[in-house]
Each structure stands twice: as C-alpha cells, then as structure tokens.
Amino acid sequence: PLAVLQFCQPSGWQLFPELNPPSFFVAVLTDINSERHYCACFTFWEPLDASQAQSHPRNGGEEEEEEEEESSPVQPTQLFAPKSLVLVSRLDHAEVFRNSLGLIYTIYVDGMSVALESVVGNLLTCTIPITGGAQ
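All residue numbers for the sequence shown refer to full-length UniProt numbering, where the first residue is 1 and numbers rise by one.
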C-alpha cells in the first residue's frame, strides 16, 4: 500500500550518488480503536547500474529528475537506491526489532545460503518474555 511506502521513506524515494549508512527508526501508530502498533523500519542502500538508474525516476517524478539533470551536467556512474525492511508489532521492543531486522539485513548482504523465509519464520516463533514477568 502507498501508506507503507510513505512511511518507509517520508521524504520520498530518491537515488543518491553516494552510499548512505543503514538507518533504523520506530514509529508508533494508533489505530481506530486507540491500540498502538509499533512500526520498525530498517533502510539500507543498494547500488544500481547505469541501465537501472535510467529507468527509475528520482523522487517519484520526472520533472524533478529533469531539473536535477540540468544542474548537474555529468551524471554519476554509480547510483544507490534505498531498500527497506519493515516490522509491525503490538509490542514495544525497539531493540529486538533493530536486532531482528539487522540480522535479516546481514544475511541478505553477506549472501548466506540460508533462505530469508526460514530466518523470518524462526524469528517469528521466538518467545519474548513479558517485561517484569517471571525469570
């Protein structure tokens, strides 16, 4: 849905000429029943080759791309596109979200032979103790 796209990249989807560091944030959304949903977003950047970069309009609009081309006569040979991993939960465990999304990112980037579906399935079956509960 469009709302998820806007949530992941509030300032719009853009291609950048330099590799940006991964970023992580958690936003709290409230539904119609006043229940909280914690949305964790981990964004990282992947390189695009020149042919991919030409097929993607920057900032979601061709007009803005034309303006940028006019101001920069030499286009960079390497552009980087954002990719986001999103986790939505009713529980407030930001550090667990960061670690889980970071693990998925590391496995993806390192090209490990483990299927991401298996990793996500294993993460979803973990039992997280309730704060202040029996230890």
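All C-beta atoms, glycine included, are put in the ideal place defined by N, C-alpha and C.
Check	Outcome
Length at least 4, wholly inside the region 18-49: the alpha helix (DSSP H) runs in chain order	none
Cβ pair phenylalanine 80, leucine 48 closer than 8 Å	yes
N- and C-terminal bounds of the alpha helix (DSSP H) containing valine 86	Run containing valine 86: none in the alpha helix (DSSP H); it sits in the beta strand (DSSP E), 79-89.
Proximity of tyrosine 105 and proline 22 at Cβ, strictly below 8 Å	yes
Where serine 100 falls, given that 16 or more other Cβ within 10 Å makes a residue buried	buried
Rounded Cβ spacing between alanine 27 and leucine 87 (contact assumed at less than 8 Å)	Not a contact, Cβ separation roughly 11 Å.
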